[in-house]
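Accompanying notes for the structure given below.
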Amino acid sequence: APIDDPPDRLYGLIVHELTHQFEFDIIPQGLIRRSVPLWVNEGLSDYERGQWEPLDLMAVRDAAIADIIPKMTELEGYGGGGGPSRLIYNLGHAVFEFIEAKFGKEGI
């Protein structure tokens, strides 16, 4: 259970879920034709945690080295299977880190 996680992981989970709440306030789903792409929704929430899980960062690096990172417009449903691939979260997180590096926090 998440409540039994170490305090830093629990804090990260709380920040992630609170970010979703702010996203839903900022971008009301009824005002746009399509829902927000999953990589934006989950990527921003993961980015706001302010830390990478080591396996997640490794997956992004491996994808970059293998040159298998899909276009962000093709990312929905990437990874196949029943649920969303963790790579969707990770690549979204990386995009928001890139935006911050290029444009600062104001760019986010």
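Our numbering runs 6 ahead of the 1-based position in the sequence shown.
Beta carbons: idealized from backbone N, C-alpha and C, even for Gly.
Because the structure is a prediction, the values reported are computed rather than measured.
The residue from I114, L93, R67 with its alpha-carbon nearest to that of F102 is I114.
Secondary structure at A107: helix, using DSSP grouped into helix, strand and coil. In the displayed model, D62 falls within a helix according to three-state DSSP. Annotation for P13: the continuous alpha helix (DSSP H) segment containing it runs 13-32. Under the DSSP assignment, L50 falls in the alpha helix (DSSP H) whose first and last residues are 44-55.
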